[in-house]
Each structure stands twice: as structure tokens, then as C-alpha cells.
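Engineer: When the letters of the sequence shown are read in order and numbered with mature numbering (1 follows the signal peptide of the UniProt record, and there is no 0), they come out as residues -19 to -1, 1 to 96.
The C-beta atom is built at its ideal place from N, Cα and C for all residues, glycine as well.
Remember, it's a predicted structure, so these values are computed and weren't measured experimentally.
One structure is given below, represented as C-alpha cells, and several questions about it will come after.
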Amino acid sequence: MTGGFYAILSLTVELLVSGWLNNTYHPNEIVVTENGFLIKLEHCYMSEALDAIHDGINITGYSVWSLLDSFEWIFGYTSKYGLYQVDMADPQRQRRPKKSAVYYSNVLRTRCRRL
């Protein structure tokens, strides 16, 4: 991934957290989708989303990008940002949890964002 890609993600979270989205569009609720794909980024984004909730922004949903390694228009199957690795060489498309899957399931189970 390029630095520009990370900058876009950081800007998106910053706009959300700063309240710009909320103050500009006054949505009834905000659902954050396709977010994070590395443990440290996911941790940061969930922390920022929680801070935004504490600041009164109505975030009602949050999902990661993505459950499985997937096809991306620019990168095809070469970018691997799913929580579960998919072995594309295996006709059965075996799936294996990555460290990020373990981290994210821990967050959901314990409701704690510890790294």
C-alpha cells in the first residue's frame, strides 16, 4: 500500500472524529464500514470512533475491511487485507485466521481494544 492510501484513511477518520461529518450533514446516525485492515490501524480507528461516540456523535455501527481476502479492482487478488487469509491456489479456497482476526474477535468478545 502507498502512503497516500494511509493518508486517505487517516483523513477519513479525522473528519469523522472532528465532527465535520456530523456538523455538515447532521445525519441521524453514522455507520463506519470497510475500515481498518492492520491491527494497529484497526485499534486506532476503533479508539477514534469510541472517542467520537463519547463526544456525542451517533455512530451506530462499525465493520472492518474485510472478513476475507478479496478481489480489489486495482490490485486483483494480490492485496491481502481480510481478517481471514484465503488460499487462492487451493480449489477449496481454504481460509485461515490472521492475527487481525484473533485481535478483532477478542475486541468483540471482551469489548476491550487492548493491543
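#1: Along the chain, where does the alpha helix (DSSP H) containing residue 5 start, and where does it finish?
#2: If I'm right that residue 46 touches residue 15 with Cβ under 8 Å, what's the distance once you round it to whole angstroms?
#3: Could you tell me whether the Cβ atoms of residue 84 and residue 20 are closer together than 8 Å?
#4: Report the CB separation of residue 17 from residue 6 in whole angstroms; it is logged as a contact under 8 Å.
#5: Would you say residue 11 and residue 2 are within 8 Å of each other, going by their C-beta atoms?
#6: Who are the Cβ neighbours of residue 13 in its own chain at under 8 Å, not counting the five residues just before and after it?
Structural biologist: By the coordinates alone:
#1: 1 to 6
#2: 4 Å
#3: yes
#4: Contact flag wrong, Cβ pair sits at about 23 Å.
#5: yes
#6: -4, 26, 30, 40, 42, 43 and 44
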